[in-house]
Structures are given as structure tokens and as C-alpha cells.
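Structure, as C-alpha cells:
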Amino acid sequence: MMIPVLIGVSFVVFIMSYFTPGDPAVMILGDMATQEDIDMMHKELKLDEPFFVQYGNYVKNIVTKGDFGTSYTTKQPVLGELLARFPNTFKLAGLSVILSVIIGITVGIISATRQYSVLDNVATTLSFIGVSMPNFWQGMMLIIVFSVWLNWLPPSGFSTPLHWILPAVTIGTSSAAQIMRMTRSSMLEVIRQDYIRTARAKGQSERVVIWRHALKNALIPIITVVGLSFGRLLGGAVLTESIFSIAGIGKLMVDAINLRNYPLVQGGVLFIAIVMSVVNLVVDILYAYADPRIRTQFTTVRLKDKLKLGGVADE
Amino acid sequence: MSENVIKIKHRNASMLRGVLIRLLRNKAAIIGLVIILVLIFSAIFAEVVSPYAYDEQNLRDRFLAPSTAHIFGTDSYGRDIFSRIVFGSRTSLMVGAIAVTISSIIGTFLGAISGYYGNRVDNIIMRFIDVMLAIPNILLAISIAATLGPGIVNVMIAVGISSVPGYARLVRASVMSIREQEFIEAARSIGASDFRIIMRHILPNCFAPIIVQATMSVAIAILSAAALSFLGLGVQPPTPEWGSMLSDGRSYIRDYWWVVTFPGLAIMATVFAFNLFGDGLRDALDPRLKQ
């Protein structure tokens, strides 16, 4: 499933780079270049070939050489620059996921077990506010409060754990809100099931009933949301990183947008799409781990998928 | 025959009334609706509501703190922030509305075809949707906007296209569930064309989820548009836009908190309102969901 999607993504990214205004040769050589130089560069970059040949070259370069293109500004391979920045982005996204899962699931369970209580209402309202805030604005507000006014936390950089707090909170809260809402509704459904009543009836402590019997069965939709929010986190990281001046992929891409350095922007999009599909794969594996029914289905589903893909390839 | 029509009309009316009653009972939805109406009102009558012109510069009055003369303070050019927010609501609401129109039309079209015809057509469209979903929404919007170049129309297109997958999936799912029902079989047996079946019989029955999704997507569209403008890919100055106001004020957050606080609050309130209203609408249209 992953590979055809990635081929599709590469095609979309290629179309976008193909139609991006501005001649790459001029961008690389600078405004002073003569027409001859530009023509030479076109030959060198194979820009004079037909559209599909160019796309073929593009995919071939990515697969065989890991060549995502060349940055206009630094003249370095895009992939190298992305990989150099990736650890920071990954750390940021990872921290935010952990944070949002902890907050989201805990608050979601509390809300679900005390449905319509004051606590539940407050949490639900907060979750609405959480998804309604633009990430980058929330980051600026946190800087104003915690760095400028209170002077507790550094406003920029990503070097020490103290630096991690504000960015991770910024990105984590909106997905925490989503995870919370999903946990709440999923738990509400599960809590009414017979087996929960059975567990209570046999005298099981409330804590074990909720955390073992109920949560385990409510987990599938929660995993889905966590997986989806990882994508949102990577997207949100783009703006948040630039707010907190974190040297990650996001800031690299934002800077590239401002400099009209399109190969880097498009390479970044493709790179993040690849990371996302790896995450989706992990999520699919987690499903099987969380739900034994899926585990037994898994072989047949894969077979079906294969047959379907065969159908598409015939087109 | 005419009696039947009247009966059906009557039932429709009472269904609509039921939805309205449920909606009006939902306090959160009403709060959302009131905020949305206030925003629309201030967008239409921006000239009347705002005390200053949005581009009225007064360099002597730079960075004035919120006071009675400038309730949200002034920015780096001495422009009244409140007035700019009021005028900015025009841009944001318009971008939200048009982007959602674009995405709902394309998404409904793709989803309806995909769900109705199934098999190969479905497969191709859904793989295409998978490709779009593999790129995080905001990144897709950013790269489309970067390709098209800055400008308000391009922002609408970028935001609109990037939220097509959600619609397509939603419409496809509802079309697939309706397709198998008997009245569709009846329509087909009297020789109705596919186009007519989709337009007259299937889509009206998917109306509820589509309208809910549309309301929620306005919220997302406004957020995405603000993000694009923040990156400089959106509306160009001096047109006031909440996202670009944030990006203008960004360099001054150390000394002048109000420059970025209020435009952000405006975005938040708008998005919050659409989310609340959309949520209430969903509960009202489908009472089974809320027990």
C-alpha cells in the first residue's frame, strides 16, 4: 500500500515543481547568466526533455541515488539538508505525541467516567479551544507569558530539555484535544458494555476496570487519532519550529519558501510524506497489536489489497 | 398524487423543525451561531463598525497600548488593531467560505462518483485521495500555494484543494450506504439515469453529513489560510488579514504583547465558533449520535 501512494506523492510533488514559476537554471546560475549558460544548464539538468521523461528521471534519481534535488541557495543536495535537520523535528514531534497521548488519554478517561460533571464540561470546552487555536499563535502567546513576562523558559532554541517544553506544549495541545475527545467518546461507548458490568460485578477494582477492561477495548479509534495527529504534528511543526527558531525541517522549509527555494520545499514535502507513510505502517501494526481480531484478518486483508492493486496497475 | 406531495412536504417541514428545535436547545451551538453572526455582521459593515480606516497610518502613535482610543492598541505603523481585525474578518470569512465551496464541490463530486460506481472507478479515485492524505493538510496547502504564488485567490484554491480528501471520503461512505437501499433500486427500475439518481436521490440524502463537514471545514480553512498568510504566501499587504497581522507583529512580541494577541484571539474565536456550531449541527441532524 505504501509504495503506490509514495509514487503518487512523488508525482504530485513533481507536477508542483514542474509548474512552479521561475526557471531553475536561472535560479541556480543567478540573474547575470548568459542565455548560453542557461541553455547548457537546461541540458545538464535534463530540463529540455518531455514531461514524463523528466518525471522518470526524477523518480529514478530519488530511488537510486537518494537525490531529492539541489537546493538553490546552498547548492547542496536537498536530502542531506533534510536529514541534518530531521532529528530535531522528530524529537519535537515525538515529545509532542508523548505529551498529547498522556494528557489526551488521561483527561479523556476522566471526562468519560464523570460524564456531564463540571470536570467533563471544562475539559470538553478546553478541548474545543485547543483545536481552535492556531499553533503558531499559541507558541507566541506561550513565549509572551513564560519567557517575556515570567522569564521561566527560554523563548527559542532546542538545545536543552528546558528549551523543549514550550514547543512541545505548543504542538502537543491541539492533538491532545483531539485525542481527548476521541478517548472520551470511545470510552463512553465501551463503558456501557456488558463485560464492563461483569467486571464490576465480580468485584474488580474500578481502576482495573477502567484502565484494563475498558481502555483496552476503546483503544482502536484512539490509535487512529494518534496516528493521524502525528501527521498534523509534523505539519504544525513547520510553523512552530520557525516561531521558536528550532533548526528542524519545518524552519528549513519556511525559510526556503521565503527565499523561493522550491526544490527544498518540495523535497521537504516528499520527505515528510515518506515519514508519514512509515508512521501509518506502524499504526497499522499497532492495530493488530491492540485488536486480536485484526491480527487474524490481517493475512486476508493483505491479499485483498494485493488483488486491488493489481487492478489499478492494469490501467 | 398531490396529496402525497403535500404529505412529504409536511414531513420534511417537521423534520426540519425537529432539527431546529434540537439546535436551539444546544447552548454551545447557539453561542457559536451568535459569534458567527456577529462576525458576518462586522464583516459586512466593517466601515461602520471600525473606528479607523484599516490603512490609516499614524507614525506618531506607534505601539500604543490598548486604551479607550484604541481598544486593541496600535501596530508598528500606528494603525488601529481593532479596525484591522474588523476588516480582516472580511478576508478570513471570504477565504473560508470560498475554500469550503471549492473543496465541497470537488470532494462531493469525487466521493459521489466513487461511492456510486464502485469497483475500478472507486479504486482509482480512492488511491488518488490516499496520495493527498499522505501529505499533511497544511503542508499540501503550503506547497500548492508556493507553486501558485502568493495572493488571496491562490490561498483559496490551495486551502480548498487540500481539504478535498475529507469530503470525498465522507461522501463516498454515505453514498455507498444509500446506494443499496430500495428507493434507489426503484429509481433505477423506472429508468432514471445515473446522473439523476445521484443528483436527485442520493445526494439529498447525504446532505446532513456534508453540511456538518462544511461547517467544520470553514474552521480548518480559516486556520490554514491564517497559516499561509503568516508564511507570506497569502493575502498581500496592505489588505488586513489576521494571519499576516500575526506575522507582522511577530518581531515585536517581546515588548508589545497586544500586537499579536488580538488577531490571534480573533482567529481563535472564529474557529471556535464554527467548531461549536458544527458540533451542535451534527447532534441536531443526527440525534442518534447523542444519547
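Chains S and X, in that order, give the protein sequences.
With this note's numbering applied, the first sequence covers 1 to 315.
With this note's numbering applied, the second sequence covers 316 to 606.
Ideal Cβ placement from N, Cα and C applies to all residues, glycine included.
All values derive from a computational prediction rather than experimental measurement.
Whether residue i touches residue j by CB criterion (8 Å)
i: S159 of chain S; j: L153 of chain S; result: no
i: M447 of chain X; j: V470 of chain X; result: no
i: V9 of chain S; j: A256 of chain S; result: no
i: G333 of chain X; j: F592 of chain X; result: no
i: I568 of chain X; j: G411 of chain X; result: no
i: R494 of chain X; j: Y431 of chain X; result: yes
i: V574 of chain X; j: D390 of chain X; result: yes
i: G393 of chain X; j: R377 of chain X; result: yes
i: I457 of chain X; j: L518 of chain X; result: no
i: S429 of chain X; j: Y482 of chain X; result: no
i: W343 of chain S; j: I351 of chain X; result: Chain S is shown from 1 up to 315; residue 343 of chain S falls before or after that span and cannot be answered.
i: V78 of chain S; j: G267 of chain S; result: yes
i: Y55 of chain S; j: F14 of chain S; result: yes
i: L259 of chain S; j: T73 of chain S; result: yes
i: G426 of chain X; j: R484 of chain X; result: yes
i: V527 of chain X; j: R597 of chain X; result: yes
i: G433 of chain X; j: V486 of chain X; result: no
i: P221 of chain S; j: M182 of chain S; result: yes
i: F244 of chain S; j: G139 of chain S; result: yes
i: A449 of chain X; j: I459 of chain X; result: no
i: V269 of chain S; j: L454 of chain X; result: yes
Residue i classed as buried or exposed, judged by whether at least 16 other C-beta atoms fall within 10 angstroms
i: Q606 of chain X; result: Per-residue confidence for Q606 of chain X stands at a pLDDT of 39, beneath the threshold of 50, marking its modelled position as unreliable; no derived number is given.
i: I3 of chain S; result: exposed
i: I7 of chain S; result: exposed
i: V97 of chain S; result: buried
i: A501 of chain X; result: exposed
i: E362 of chain X; result: exposed
i: D314 of chain S; result: Residue placement at D314 of chain S is poorly supported in this model, since its pLDDT is 37, which falls under 50; the coordinates still yield a value, given next. Exposed: under 16 other Cβ atoms inside 10 Å.
i: E556 of chain X; result: buried
i: W211 of chain S; result: exposed
i: D395 of chain X; result: buried
i: V279 of chain S; result: buried
i: V53 of chain S; result: exposed
i: S398 of chain X; result: buried
i: Q178 of chain S; result: buried
i: R232 of chain S; result: buried
i: F51 of chain S; result: exposed
i: Y289 of chain S; result: exposed
i: T124 of chain S; result: buried
i: G311 of chain S; result: Note that G311 of chain S scores 43 on pLDDT, short of 50, meaning its location in the model is unreliable; the coordinates nonetheless yield the value given after this. Under this definition G311 of chain S is an exposed residue.
i: F271 of chain S; result: buried
i: Y116 of chain S; result: exposed
i: G161 of chain S; result: Looking at the sequence provided, one finds Pro at residue 161 of chain S rather than Gly. Exposed is the call here.
i: L239 of chain S; result: buried
Expected contact under 8 Å - CB spacing of residue i and residue j to nearest Å
i: M41 of chain S; j: T576 of chain X; result: With a Cβ gap of about 48 Å, M41 of chain S and T576 of chain X do not count as contacting.
i: G104 of chain S; j: A176 of chain S; result: 4 Å
i: F587 of chain X; j: S132 of chain S; result: 4 Å
i: I110 of chain S; j: L119 of chain S; result: 6 Å
i: G108 of chain S; j: R184 of chain S; result: 4 Å
i: G595 of chain X; j: A343 of chain X; result: 6 Å
i: A523 of chain X; j: D601 of chain X; result: 6 Å
i: S135 of chain S; j: I191 of chain S; result: Strictly speaking, residue 135 of chain S in this sequence is Asn, with Ser absent from that position. Not confirmed; about 32 Å, so no contact.
i: L92 of chain S; j: G227 of chain S; result: Contact doesn't hold; Cβ gap of about 17 Å is too wide.
i: T406 of chain X; j: I467 of chain X; result: 7 Å
i: V5 of chain S; j: D445 of chain X; result: 5 Å
i: M276 of chain S; j: T462 of chain X; result: Going by Cβ atoms, the distance from M276 of chain S to T462 of chain X rounds to 20 Å, so no, they are not a contact pair.
i: L281 of chain S; j: L264 of chain S; result: Incorrect: roughly 26 Å between the Cβ atoms, too far for contact.
Beta-bridge pairing of residue i - partner residues as DSSP gives them
i: D39 of chain S; result: The partner list for D39 of chain S (beta bridge, DSSP) is empty, contrary to what the question assumes.
i: P77 of chain S; result: S:T70
i: D395 of chain X; result: X:T389
The ligand PLP heavy atom lying under 7 Å from the CB of residue i
i: A384 of chain X; result: Of the ligands one can find in the structure shown there are none, so the ligand PLP has no counterpart to examine.
Relative to chain S, which residues along the segment 578 to 592 of chain X have a C-beta separation below 9 Å, given in chain order?
-> P578, G579, L580, I582, M583, A584, T585, V586, F587, A588, F589, N590 and L591
Using a beta-carbon distance cut-off of less than 7 Å, what residues from the segment 252 to 264 of chain S approach chain X?
-> V254, I257, N258 and Y262
If contact means a Cβ-Cβ distance below 7 Å, which residues of the segment 118 to 136 of chain S contact chain X?
-> F128, I129, V131, S132, M133, P134 and F136
For the segment 189 to 222 of chain S, which residues have a CB atom closer than 8 Å to at least one CB atom of chain X, in sequence order?
-> none
What residues in the segment 443 to 468 of chain X bring their beta carbon closer than 8 Å to a beta carbon of chain S?
-> F443, D445, V446, M447, A449, I450, P451, N452, I453, L454, L455, I457, S458, I459, A461, T462 and G464
Contact list for the segment 528 to 559 of chain X against chain S, Cβ threshold 8 Å | A534, L538, A541, A542, F545, L546, G547, L548 and G558
Residues of the segment 7 to 21 of chain S with Cβ closer than 7 Å to any Cβ of chain X, in chain order | G8, V9, V12, M16, F19, T20 and P21
Could you please tell me which residues of the segment 269 to 280 of chain S, in chain order, have their CB closer than 7 Å to any CB of chain X?
-> V269, I272, A273, M276 and S277
Listed in chain order, which residues of the segment 228 to 239 of chain S have Cβ atoms closer than 8 Å to some Cβ of chain X?
-> G231, R232, L234, G235, G236, V238 and L239
Closer than 8 Å, Cβ to any Cβ of chain X: which residues of the segment 78 to 105 of chain S, in chain order?
-> none
Residues of the segment 559 to 578 of chain X whose Cβ lies closer than 9 Å to any Cβ of chain S, in chain order = L561, S562, G564, R565, I568, R569, D570, W572, V575, T576 and P578
Cβ-based contacts, 8 Å cut-off: residues of the segment 167 to 190 of chain S near chain X | none
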